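Residue numbers (the UniProt record's numbering): 1 to 484. Beta carbons: idealized from backbone N, C-alpha and C, even for Gly. Fair warning: this is a prediction, and the values are worked out from it, not measured in the lab. Read through the structure below, which is laid out as structure tokens, and then see the notes.
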């Protein structure tokens, strides 16, 4: 049965081929369908091939039909865009090419709120945050600030101007490290640099700025660069508030003298300097606890003199402004505070500006002040009288060594004797002995007066001569100046 079915199928195929190849319409008689019974395959036998076996029947003659062409297998061309077939396991695969790194992507940001400063106040933090969200590390980052007039940058961490930190780190594009860099100070323009920023890293450059009294609100320009190809720009608003009103005053004073021999006969004066060290503008009042009068002033003032002296400026002193005035005191003949036991040698000075006060004490010391008078008077010494022709008795006791005669304040006056003959006597220069006396005079005193010369202190000279101490030198000058 199996062979008969195969023969019938082959005959049908040949008939169809001949009909198609003839080019004409030919009717092919339909064959009765053959009943194909399934063959039973016994164990151990191989399954017949799907291809039909080659028939051994004779081919039809050429007179009946045209010869048939062999069948052509069509292989479809691969469709464009289809994935290549997955290589089988164990086969060699081509080497993968490395992918190019992603470029640097930097972004910069400043404080979310304007930087608020107070004129003459403390410094505030100004952070500039740079983030790298790319796939490669950047070159070193340099940030340059352009500061408005009156605003100055201080070095980060400078003592005495510490402010509450206001660092702000923006949310990172991906998980990464963060670091902070303290920046230097400067005026006008200041730059700060940091090392290159790695992918996913954030660096914050911390500036600190302070406003002067003359500063006004404005903008701070920030320029961020990372190599020649990356440049970013920011503008940070800055508000400057006026300082709070505070009274402050500083006082300095010193003693002065005017006139000839100022410390004895001159007029003492007080030089006063007052400065407004606060933030308010108010008049200044100066008070001295001694009566005096205004001698000179730098600005217009009004003074009242009584038991004390008070002077007030007519206009207000602005912050940082100063005034200088000079007050002269009425004193006695010897000057203010000449003697140390007089209470007027110290002068109290006070300055007031609003609620601020300052005070100093000035001492008027004389560099050429005479000694104070003694309470117990000293009686004068009586003069020494001598008889005519007798020498002055020595003050030393017999048997003791003679004491040297003290030199007088003025040089001794030479006595020229009256000559008895027309020829003038020979003049010899006086010679002092070790005791200070002329030996020739001592011998004459022992021998008595010369011939023709009246005796010293004799009847012809009237009363005996008295020796008084000299009044020359510095003691005489002081006595004349002081009326002594």
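Query                                                                                                                : Result
Stretch pair the region 150–157 + the region 182–191: three plus CB contacts closer than 8 Å                         : yes
Own chain, CB closer than 8 Å to residue 300, minus 5 neighbours either side, in chain order                         : 313, 314 and 315
Start-to-end residues for the beta strand (DSSP E) that takes in residue 364                                         : Where residue 364 is concerned, there is no enclosing beta strand (DSSP E), given that its DSSP letter is neither H nor E.
Of the listed residues 118, 298 and 200, nearest to residue 102 (C-alpha basis)                                      : 200
Other residues of its chain near residue 318: CB distance less than 7 Å, five sequence neighbours each side excluded : 276 and 281
Euclidean distance between Cα positions of residue 361 and residue 349                                               : 6 Å
Three-state class that DSSP yields for residue 345 in the structure shown                                            : helix
Residue 290, buried or exposed, once every other Cβ within 10 Å from all chains shown has been counted against 16    : buried
Helix, strand or coil at residue 183 [DSSP, three-state]                                                             : coil
Three-state class that DSSP yields for residue 120 in the structure shown                                            : coil
Residue 238, buried or exposed, once every other Cβ within 10 Å from all chains shown has been counted against 16    : buried
Nearest candidate by alpha-carbon position, reference residue 231, set 216, 98, 274 and 105                          : 105
Separation of residue 284 from residue 302, as counted between CA atoms                                              : 11 Å
Span of the beta strand (DSSP E), counted from its first residue to its last, around residue 221                     : 218–226
Residue 359 burial status per 10 Å Cβ neighbour count (16 or more: buried)                                           : exposed
Reduced DSSP secondary structure (H/G/I, E/B, other) of residue 113                                                  : coil
Expected contact under 8 Å - CB spacing of residue 220 and residue 148 to nearest Å                                  : 7 Å
Residue 351 and residue 295 closer than 9 Å at C-beta                                                                : no
Through-space distance from residue 130 to residue 179, alpha-carbon basis                                           : 10 Å
Alpha carbon of residue 109 to alpha carbon of residue 253, nearest angstrom                                         : 55 Å
Proximity test, residue 230 beta-carbon vs the ligand MG heavy atom, cut-off 8 Å                                     : Of ligands this structure carries none, so the ligand MG is not represented either.
Residue 320, buried or exposed, once every other Cβ within 10 Å from all chains shown has been counted against 16    : exposed
Exposure label - residue 146; buried when at least 16 CB within 10 Å                                                 : exposed
Nearest-angstrom beta carbon gap, residue 213 and residue 243 [assumed within contact, 8 Å]                          : 7 Å
Alpha carbon of residue 226 to alpha carbon of residue 196, nearest angstrom                                         : 8 Å
Identity of the residues DSSP links to residue 251 by a beta bridge                                                  : 274
DSSP-derived helix/strand/coil call for residue 194                                                                  : strand
Cβ-Cβ distance between residue 272 and residue 325 below 9 Å                                                         : yes
Pairwise C-alpha distance: residue 211 and residue 256                                                               : 41 Å
With 16 other Cβ atoms within 10 Å as the buried cut-off, status of residue 77                                       : Reliability fails at residue 77, whose pLDDT of 48 lies under 50, so the model's placement of it is uncertain and no value is given.
The region 115–125 in contact with the region 137–145 per 3-pair CB rule at 8 Å                                      : no
Spatially closest choice to residue 118 from 133, 151, 192 and 346, by CA coordinates                                : 151
Residue 187 vs residue 144 beta-carbon contact at 9 Å                                                                : no
Limits of the unbroken beta strand (DSSP E) element including residue 241                                            : 231–241
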